[in-house]
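Asker: Would you mind keeping the following structure in view while I ask a few things?
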Amino acid sequence: MSATKTEALVPPRSRLLPKGSGALLSSLVAIFLALLIGAILIVAWGANPLTAYLALLDGAFGSWNSLAETLLRAIPLIFTGLAIAIAFRGGAFNLGAEGQLFLGATAAAFVGLALPDMPPLVVIPAMIVTAAVVGALWSLLAGALKMRFGANELITTIMLNYIAILFVSFLLRGPLQEAAGYLPQTERLASNARFPALIEGTRLHFGFLLALLAVAGCHFALWHTTWGFKLRVVGLNARAAFNAGYKVTAITISAFLVSGALAGLAGYMEVVGVQRRMIENLSPGFGYTGIIVALLGRTNPIGVLAAAILFAALQVGGTSMQTASGVPSTLTTIIQGLVVLFVIGRGAFDFLAKRKPVAST
Amino acid sequence: MSFIDYLTDPIAAGFLQATTRLAIPIMLAALGGMFAERAGVLNIGLEGMMLLGAFVGFSAAFVSGSLWFGVAAGMASGAVLGLVMAFYTVRLSSNQVVVGIAINLLMVGVTSYGFRAAFGTGTNAPRIQPFPPIEIPGLAQIPVLSPLLFQQSILVYLTLALVAVAAIVLSRMSIGTAIIAVGEHPEAAETLGISVSRTRTWCLVVSGLFAGLGGAFLSLSATGLFLDNMTAGRGYIALAILLLGRRHPWGILLAAMLFGGADAFQLRGQNAGTGIPYQFLVMLPYLLTIVVLIGFAGKVRDPAALGQPFQRNKAE
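Rendered as structure tokens:
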């Protein structure tokens, strides 16, 4: 029964994303079209699109510091993007990265604060493991409900996001609140929990290397291990995998676990590398942006890395654009959404060219 | 205090009135989702349709000064999104989940940018006078039933009428049969001369009309203002309501009322000073959604072609 459920969600006849030749070109065309529509919106706002976009570009890449800020912002997006990509590959839609991120971050902060006098070599691994395990367990809940009861993970993971964020809010306004008790946040982490800086004088930290490591690890796991092969087979056709004797349930559950662990790490990175404590508004929707990062990256780890840096640049540059030209930074959210719609609409070009329904499989 | 005294108590009456008010947006989105799912399209984009309906409805009413113009504009905006979804899912056979997610994320940006573009970035939130409650003469004095049904705004009455219309269309009219045929066996429907793509497109448009109205209800009837991301997952909750209501209008009505009740209960709990942290109360509707999915997911049979793109040249 679980096999048919998965199939209903990822119908073999539909394409998740365009594949084959020209995929990179189609991404570039999609980005160009999205920026074009963005330019129209900037004109509608009453600003000069060229000035606004130059400010965006300058804010994202104009100096060492802005480049460092962009890469810093890319770290959580790389982790959530990988989280969602791995789940997709296994035929599961994990829309719950946001909640997994919040719980992983809170748990990591708790462990970091509980070990104030231990050396970094103990504290840092302890926090990393905690964040990953807690993220994985929260994700496992959705996975178990899907496999045991057939509860659609599209809805359960989103509901679990709200529940996790509310629970964290309770913790930060209650048991885990800083002693001063003014703001919904924990105490500041001691220096033993911090990461060394990667580029001196900027906020970019060691975690970026770990993110690159995670990209390489996911890439290796997907294409050079038996697990990755089985995961992809289950994702492509769960029933065929089941008939071939694969343990579909176990493989799907493992996809949820790995996905949740990666999302938990995204939260850890923000706590340890940016805020230095757990705060109520830790994430401006990294878990949701991760969905489109994964889609734009064609659920390929290297693609996720590129998409995460692109979206990080849009987000960081968007703030500079707002300061320089007054155009709200939420414009970049629109651009991000449009990029995805244009990427999945690649078939539209064939459609308009041939003037008949595309028959692609 | 006797039982009937309790039920006519102002607090209980307020609770019942809130139940309906909170149920209506979810009910409308779920009704929209029902048309799409019965025709075989999983409409994950309900959340985005609601959000756009809330924003466009509010802006149109604010600018024109007419609430009804706002309602029409909110519905129309949802319908446009329905067409966009139809273009992707019907014409291009894109993955229905992916398109829906993309639309939802895009709408968060569009409504937030649009709101700032239309009303500036100041701190003074613009407000409108929402639809007032109308007491139905003669019926407004019945205990329990009257606060639940007969002391509500005009949009509530409209929604209840739409539930009845949806039920008639689905079970008593040939178009309803056609929709179900398309969702169960598109190849057979096509053979009988029913256009699968046209049916699905129309169902998505209707879906958008309903969800857009649900969103417009939030800004024009429930609150009188627009807030960033004010739908707060109601579009997704509607998908669970749909299952609980077994994809039938009357089932959806009851299921949505159950949720409205849970929501009204938690709001009352927040004000009552129970000592329970408010976060746990706010969680209730989300928890209930998961419980519903656990209980009903395996028991309701999906339309056979749900989630499956249909390509005519393959059926021939």
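First to last, the sequence lines map onto chains A and B.
Residue numbers for the first sequence follow the UniProt record's numbering, so the first one is 1 and each next one is one higher.
Residue numbers for the second sequence follow the UniProt record's numbering, so the first one is 1 and each next one is one higher.
Quick reminder that beta carbons are idealized off the backbone N, C-alpha and C, glycines included.
Since this is a predicted model, take the numbers as computed values, not measurements.
Could you work out which residue in B:Ala240, B:Gly100, B:Ile194 and B:Met173 is closest to valine 182 of chain B when comparing CA atoms only?
Answerer: Position 182 of the second sequence, counted from the first residue, corresponds to residue 182 of chain B. That would be B:Ile194, whose Cα lies nearest to the Cα of valine 182 of chain B.
Asker: Helix, strand or coil for proline 133 of chain B, going by three-state DSSP, please let me know.
Answerer: One-based indexing of the second sequence puts residue 133 of chain B at position 133. Looking at proline 133 of chain B - three-state DSSP - the assignment turns out to be strand.
Asker: Give the residues from the region 284-318 of chain A that approach chain B closer than 9 Å (Cβ to any Cβ), ordered along the chain.
Answerer: Near chain B, meaning a CB-to-CB distance below 9 Å, the residues of the region 284-318 of chain A are Gly285, Tyr288, Thr289, Ile291, Ile292 and Leu295.
Asker: Since glutamine 185 of chain A sits in a beta bridge, which residues does DSSP pair it with?
Answerer: Within the first sequence, residue 185 of chain A is the residue found at index 185, counting from 1. Paired residue(s): A:Ile279.
Asker: Could you round the C-beta distance between valine 71 of chain B and leucine 220 of chain B to whole angstroms and report it? I think they count as a contact, below 8 Å.
Answerer: For this step, residue 71 of chain B is matched to residue 71 along the second sequence. For this step, residue 220 of chain B is matched to residue 220 along the second sequence. 6 Å between Cβ atoms; contact.
Asker: In chain order, what residues of the same chain lie with their CB nearer than 6 Å to the CB of glutamate 69 of chain A, ignoring the 5 residues before and after it?
Answerer: Along the first sequence, one-based indexing puts residue 69 of chain A at 69. Once the five neighbours on either side are set aside, the close Cβ partners of glutamate 69 of chain A are Val316.
Asker: Are the C-beta of asparagine 124 of chain B and some C-beta of chain A separated by less than 9 Å?
Answerer: As a position in the second sequence, residue 124 of chain B is number 124, starting the count at 1. Answer no: the Cβ-Cβ gap between asparagine 124 of chain B and chain A never drops below 9 Å.
Asker: Give me the chain B residues within the contact set of glutamate 40 of chain A, using Cβ-Cβ distance strictly less than 7 Å, ordered along the chain.
Answerer: By one-based count along the first sequence, residue 40 of chain A stands at place 40. A quick correction: the sequence has isoleucine, not glutamate, at residue 40 of chain A. In chain order: nothing, as chain B lies at least about 12 Å away.
Asker: Between valine 98 of chain B and leucine 295 of chain A, which are expected to be in contact by the criterion C-beta below 8 Å, what is the C-beta distance as a whole number of angstroms?
Answerer: The residue given as residue 98 of chain B occupies position 98 in the second sequence. The residue given as residue 295 of chain A occupies position 295 in the first sequence. Here valine 98 of chain B really is in contact with leucine 295 of chain A; their C-beta atoms are around 6 Å apart, less than 8 Å.
Asker: Just to check my reading of the structure: alanine 287 of chain A and threonine 80 of chain A have Cβ atoms closer than 8 Å, yes? What is that Cβ distance to the nearest angstrom?
Answerer: Locating residue 287 of chain A in the first sequence gives position 287, counting from the first residue. Locating residue 80 of chain A in the first sequence gives position 80, counting from the first residue. The residue you asked about is not alanine; residue 287 of chain A is glycine in the sequence shown. Right, the Cβ-Cβ distance comes to about 5 Å (below 8 Å), so this counts as a contact.
Asker: Alanine 144 of chain A: which of B:Leu31, B:Pro309, B:Phe150 and B:Leu293 sits nearest, CA to CA?
Answerer: Within the first sequence, residue 144 of chain A is the residue found at index 144, counting from 1. Measuring from the Cα of alanine 144 of chain A, the nearest candidate turns out to be B:Leu293.
Asker: Is it buried or exposed for asparagine 300 of chain A, if we count other Cβ within 10 angstroms and need 16 for buried?
Answerer: For the purposes of this step, residue 300 of chain A is taken as the residue at position 300 of the first sequence. Buried, because 16 or more other Cβ atoms sit within 10 Å of the Cβ of asparagine 300 of chain A.
Asker: Apart from the five residues on each side of it in sequence, which residues of its chain come closer than 8 Å, Cβ to Cβ, to serine 64 of chain B?
Answerer: For the purposes of this step, residue 64 of chain B is taken as residue 64 along the second sequence, with counting starting at 1. Hits under 8 Å: Gly70.
Asker: Does any CB atom of chain A fall closer than 9 Å to the CB of arginine 301 of chain B?
Answerer: Counting from 1 along the second sequence, the entry for residue 301 of chain B is found at position 301. It does not; no Cβ of chain A falls within 9 Å.
Asker: Is the region 74-90 of chain A close to the region 193-212 of chain A, with three or more CB pairs under 8 Å?
Answerer: yes
Asker: Have a look at A:Ala180, A:Leu204 and A:Gly228 and flag the residue whose alpha-carbon is nearest the alpha-carbon of leucine 67 of chain A.
Answerer: Within the first sequence, the letter at position 67 stands for residue 67 of chain A. Checking every option, the nearest Cα to that of leucine 67 of chain A belongs to A:Leu204.
Asker: Distance check for glutamate 187 of chain B and alanine 39 of chain B, CA to CA, integer angstroms please.
Answerer: Here residue 39 of chain B corresponds to residue number 39 of the second sequence, with the count starting at 1. Here residue 187 of chain B corresponds to residue number 187 of the second sequence, with the count starting at 1. Each residue's Cα considered, the two are about 13 Å apart.
Asker: Are the C-beta atoms of arginine 173 of chain A and some chain B residue less than 9 Å apart?
Answerer: The sequence position of residue 173 of chain A within the first sequence is 173, counting from 1. With 9 Å as the cut-off, arginine 173 of chain A counts as an interface residue toward chain B.
Asker: Return the first residue and the last residue of the beta strand (DSSP E) that serine 153 of chain B is part of.
Answerer: By one-based count along the second sequence, residue 153 of chain B stands at place 153. Its beta strand (DSSP E) spans residues 151-153.
Asker: Using 8 Å as the Cβ pair cut-off and three pairs as the minimum, do the region 49-61 of chain A and the region 268-282 of chain A touch?
Answerer: The region 49-61 of chain A is not in contact with the region 268-282 of chain A.
Asker: Compute the distance between the beta-carbons of tyrosine 162 of chain A and methionine 283 of chain B, then report whether it is under 9 Å.
Answerer: In the first sequence, the residue the question calls residue 162 of chain A occupies position 162. In the second sequence, the residue the question calls residue 283 of chain B occupies position 283. Yes, these two residues count as a Cβ contact at 9 Å.
Asker: Nearest CA to the CA of proline 130 of chain B: which residue from B:Ala73, B:Phe226 and B:Leu92?
Answerer: What you label residue 130 of chain B is simply residue 130 of the second sequence in a count that begins at 1. For proline 130 of chain B, the closest C-alpha among the options B:Ala73, B:Phe226 and B:Leu92 is that of B:Phe226.
Asker: Against asparagine 65 of chain A, what residues of chain B qualify as contacts under a CB-to-CB distance less than 7 Å, listed in chain order?
Answerer: By one-based count along the first sequence, residue 65 of chain A stands at place 65. Those do not exist, as asparagine 65 of chain A stays about 26 Å from chain B at its closest Cβ, beyond 7 Å.
Asker: Please identify, using Cβ separations under 8 Å, the residues of the region 91-106 of chain A that lie next to chain B, in order along the chain.
Answerer: From the region 91-106 of chain A, only Phe93 and Leu95 have a Cβ closer than 8 Å to chain B.
Asker: With a 10 Å radius around its C-beta and 16 neighbouring C-beta atoms as the bar for buried, classify arginine 127 of chain B as buried or exposed.
Answerer: Residue numbering aside, residue 127 of chain B sits at position 127 when the second sequence is read from its first letter. With fewer than 16 Cβ atoms within 10 Å of its Cβ, arginine 127 of chain B is classed as exposed.
Asker: Can you list, in chain order, the residues of its chain with a C-beta nearer than 6 Å to that of valine 168 of chain A? Leave out the 5 residues immediately preceding and following it.
Answerer: Counting from one through the first sequence, the residue named residue 168 of chain A turns up at place 168. Phe102 and Thr106.
Asker: Can you tell me where the alpha helix (DSSP H) with lysine 146 of chain A in it begins and where it stops?
Answerer: Taking the first sequence and counting its residues from 1, one reaches residue 146 of chain A at position 146. Taken as a continuous stretch (DSSP letters only), the alpha helix (DSSP H) holding lysine 146 of chain A covers 120-149.
Asker: What does serine 112 of chain B touch in chain C if you count any residue whose Cβ is under 8 Å from its own?
Answerer: The structure shown contains no chain C; its protein chains are A and B.
Asker: Below 6 Å CB to CB, which residues in the same chain sit around alanine 109 of chain A once its five sequence neighbours on both sides are set aside?
Answerer: Residue 109 of chain A sits at position 109 when you count from the first residue of the first sequence. Excluding residues within five positions, the ones whose Cβ falls inside 6 Å are Thr186, Val271 and Met278.
Asker: Which residue wins for smallest C-alpha separation from isoleucine 241 of chain B, given the options B:Pro143, B:Pro285, B:Ala167 and B:Ala232?
Answerer: Taking the second sequence and counting its residues from 1, the one referred to as residue 241 of chain B is at position 241. The shortest Cα separation from isoleucine 241 of chain B among B:Pro143, B:Pro285, B:Ala167 and B:Ala232 belongs to B:Pro285.
Asker: Pull up the distance between the alpha-carbon of glycine 214 of chain B and that of glutamate 98 of chain A, whole angstroms please.
Answerer: Your numbering for residue 214 of chain B matches position 214 in the second sequence. Your numbering for residue 98 of chain A matches position 98 in the first sequence. Approximately 26 Å between the Cα atoms of the pair.
Asker: Note down, in chain order, all residues in the region 253-279 of chain B with a beta-carbon under 9 Å from any beta-carbon belonging to chain A.
Answerer: Pro277, Tyr278 and Gln279
Asker: Below 8 Å, can you find three or more Cβ-Cβ pairs linking the region 36-53 of chain B to the region 201-218 of chain B?
Answerer: Output reads yes: the region 201-218 of chain B touches the region 36-53 of chain B.
Asker: Since glutamine 96 of chain B contacts glycine 233 of chain B with CB under 8 Å, what's their CB separation in whole angstroms?
Answerer: Along the second sequence, read from residue 1 onward, the residue named residue 96 of chain B stands at position 96. Along the second sequence, read from residue 1 onward, the residue named residue 233 of chain B stands at position 233. No, glutamine 96 of chain B and glycine 233 of chain B are not in contact; Cβ-Cβ is about 19 Å, not under 8 Å.
Asker: Between which two residues does the alpha helix (DSSP H) harbouring glutamine 308 of chain B extend?
Answerer: To locate residue 308 of chain B, count along the second sequence from 1; it is residue 308. Here glutamine 308 of chain B belongs to no alpha helix (DSSP H), and DSSP marks it neither H nor E.
Asker: If I measure Cβ to Cβ from proline 196 of chain A and keep anything under 6 Å in the same chain, skipping five residues before and after, which residues do I get?
Answerer: Reading the first sequence from its first residue, position 196 is the one you call residue 196 of chain A. For proline 196 of chain A, where only same-chain residues beyond five positions count, the Cβ hits under 6 Å are Phe206.
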